[in-house]
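**Student:**
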Amino acid sequence: MSLNNLDMLYRQVIMDHYKNPKNKGTIDGDALTIDMNNPTCGDRIQLQLQVKDGVVEDAKFTGDGCSISMSSASMMTQAIKGKSISEALHMSESFSNMMLGEDEHFDDDIQALQGVSKFPARIKCATLAWKALEKAVKS
Ligand code: FES
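One gets our numbering by counting positions in the sequence shown from 1 and adding 220 to each.
See below:
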């Protein structure tokens, strides 16, 4: 696949998550709840996690933001469900490294956000949901 085609495919994956986000909504009952905003634009996300025996049983989010931030939240919540807290934090660290331009690879849709690392102004958009995750599990 040429780079151009790969770029287009990634753009499509991002837009699909933006238009049809996974796990958008709130969790009924007890949940870790974290609000986070992107100071550069004021966009915000609220992340809720239901954790049992160290495993993320459910993850949902609400918020307003650009396609990068909302698709990243959709992908992140999808990826961490069923994972242990340490696995989720490890993913978060890998994602941060990917945003720094390091050679990280995700086997799922998250990989579509790799190109954001070339646009420093958008990195905070992509990491917003992941920062909320880190804050939630460390609180
Ligand atoms: Fe606000 Fe992307 S422009 S989160």
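Note that CB positions come from ideal geometry on N, CA and C, so glycine has one too. Bear in mind the structure is a predicted one, so any value in this text is a computation, not a measurement.
Looking only at C-alpha atoms, which of Leu353, Val336, Asp284 sits nearest to His310?
**Tutor:** For this step, residue 310 is matched to residue 90 along the sequence shown. Looking at the Cα atoms, Leu353 is the closest of the given residues.
**Student:** Please list, in chain order, all residues of the same chain as Ser312 whose beta carbon is under 6 Å from its beta carbon, the five residues on each side excluded.
**Tutor:** Taking the sequence shown and counting its residues from 1, the one referred to as residue 312 is at position 92. The residues are Trp350, Leu353, Glu354.
**Student:** Which residues end up in the neighbourhood of the ligand FES when you take C-beta atoms closer than 6 Å to any of its heavy atoms?
**Tutor:** Those residues, listed in chain order, are Asn258, Cys261, Asp263, Gly285, Cys286, Ile288, Ser289, Cys345, Leu348.
**Student:** Quick one: complete beta strand (DSSP E) runs, 3+ long, within the segment 233-275?
**Tutor:** The qualifying runs are 252-257, 264-272.
**Student:** Residue range of the alpha helix (DSSP H) that Phe315 falls in?
**Tutor:** Against the sequence shown, residue 315 aligns to sequence position 95. Start and end: 305-319.
**Student:** Quick check: what's the CA-CA separation for Glu277 versus Ser314?
**Tutor:** Translated into the one-based positions of the sequence shown, residue 277 becomes position 57. Translated into the one-based positions of the sequence shown, residue 314 becomes position 94. Approximately 21 Å, taken between the alpha carbons.
**Student:** Kindly indicate the opening and closing residues of the alpha helix (DSSP H) around Gln298.
**Tutor:** Looking up residue 298 in the sequence shown gives position 78. 287-300 is the extent of the alpha helix (DSSP H) around Gln298.
**Student:** Would Ala251 pass as a contact of Leu226 if the rule is Cβ separation under 8 Å?
**Tutor:** Locating residue 251 in the sequence shown gives position 31, counting from the first residue. Locating residue 226 in the sequence shown gives position 6, counting from the first residue. Going by C-beta atoms, Ala251 is not nearer than 8 Å to Leu226.
**Student:** Please confirm whether Leu348 and Asn258 have their CB atoms less than 8 Å apart.
**Tutor:** On the sequence shown, residue 348 is found 128 positions in, with the first residue counted as 1. On the sequence shown, residue 258 is found 38 positions in, with the first residue counted as 1. In contact: Leu348 and Asn258 (Cβ atoms closer than 8 Å).
**Student:** For Glu277, name the three-state secondary structure that DSSP assigns.
**Tutor:** The residue given as residue 277 occupies position 57 in the sequence shown. Residue state, collapsed to three classes: strand.
**Student:** Nearest to Phe368 by CA position, among Lys242, Met290, Ala341, Ala308, is which residue?
**Tutor:** It is not possible to answer for residue 368, since the shown part of the chain is limited to 221 through 359.
**Student:** Could you please give the first and the last residue of the uninterrupted alpha helix (DSSP H) stretch that includes Lys344?
**Tutor:** Residue numbering aside, residue 344 sits at position 124 when the sequence shown is read from its first letter. It spans 340-358 - the alpha helix (DSSP H) in which Lys344 sits, taken as one unbroken run.
**Student:** Within this structure, are the beta carbons of Ile330 and Met295 separated by less than 8 Å?
**Tutor:** Counted from its first residue, the sequence shown places residue 330 at position 110. Counted from its first residue, the sequence shown places residue 295 at position 75. Against a cut-off of 8 Å, the Cβ pair of Met295 and Ile330 comes out as a contact.
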